[in-house]
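Enquirer: Everything in the sequence shown is counted per this note's numbering, starting at 2 for the first residue and increasing by one. Built from N, CA and C at the ideal position, the CB exists for glycine as well.
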Amino acid sequence: MSYDQSAGKIPEFIPEPFRHDVADVLRREAARFPGWFQKEVEHLASISTEMSGDRGLAFYGDERQEIGPQELFDEKDAQRALANLEYVARQCTQLLRSSRQER
2 MSYDQSAGKI PEFIPEPFRH DVADVLRREA ARFPGWFQKE VEHLASISTE MSGDRGLAFY
62 GDERQEIGPQ ELFDEKDAQR ALANLEYVAR QCTQLLRSSR QER
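Now the structure itself:
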């Protein structure tokens, strides 16, 4: 098959645009998860929204106001972010383990 012939098929394989905030996807697909994980979806979604909002600021600061990240965030912010990420990792690890057991 030539490139021109296969070009018509490309849209079938293009995934959703990459997003840092997966809250909408989690909420939309919640019914596909086990019951215990469904109960965590809203908390996971709020963490996603919070963390994705902070992502750019953590890397670049507030460029409009010329404030660096070190002035916007402190150790307490870092501890909260770490706790949130550890929680997400635990939930995802448990989800992956439970899906392997179901096979």
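Buried or exposed: D49, going by 16 or more other Cβ atoms within 10 Å of its Cβ?
Expert: Numbered from 1 along the sequence shown, position 48 holds the residue referred to as residue 49. The sequence as given places Ser at residue 49; Asp does not occur at that position. It is buried - the Cβ of S49 has at least 16 other Cβ atoms within 10 Å.
Enquirer: Let me know the alpha helix (DSSP H) ranges lying completely inside the stretch 30-57, each 4 residues or longer, listed in chain order.
Expert: 36-39
Enquirer: Would you tell me roughly how many angstroms separate the C-alpha atoms of G62 and M52, rounded to the nearest one?
Expert: Here the question's residue 62 lines up with position 61 in the sequence shown. Here the question's residue 52 lines up with position 51 in the sequence shown. Near 14 Å, if we compare the C-alpha coordinates of M52 and G62.
Enquirer: Only counting the same chain, and skipping five residues up and downstream in sequence, which positions put a Cβ closer than 6 Å to that of L58?
Expert: Position 57 of the sequence shown, counted from the start, is the residue given in the question as residue 58. Counting only Cβ-Cβ distances below 6 Å, and skipping sequence neighbours, we find L73.
Enquirer: Within the chosen definition, does the stretch 32-41 reach the stretch 92-100 through at least 3 CB pairs nearer than 8 Å?
Expert: yes
Enquirer: If we count the other Cβ atoms within 10 Å of its Cβ and call it buried at 16 or more, is L86 buried or exposed?
Expert: As a position in the sequence shown, residue 86 is number 85, starting the count at 1. It counts as exposed.
Enquirer: Where does D25 fall in DSSP's three states?
Expert: Start at 1 with the first residue of the sequence shown, and residue 25 comes out as number 24. In the three-state reduction of the DSSP assignment, D25 falls in the helix class, which pools H, G and I.
Enquirer: Check D75 in the structure and name its three-state DSSP category.
Expert: As a first step, residue 75 must be located in the sequence shown, where it is residue number 74. Three-state result, D75: coil.
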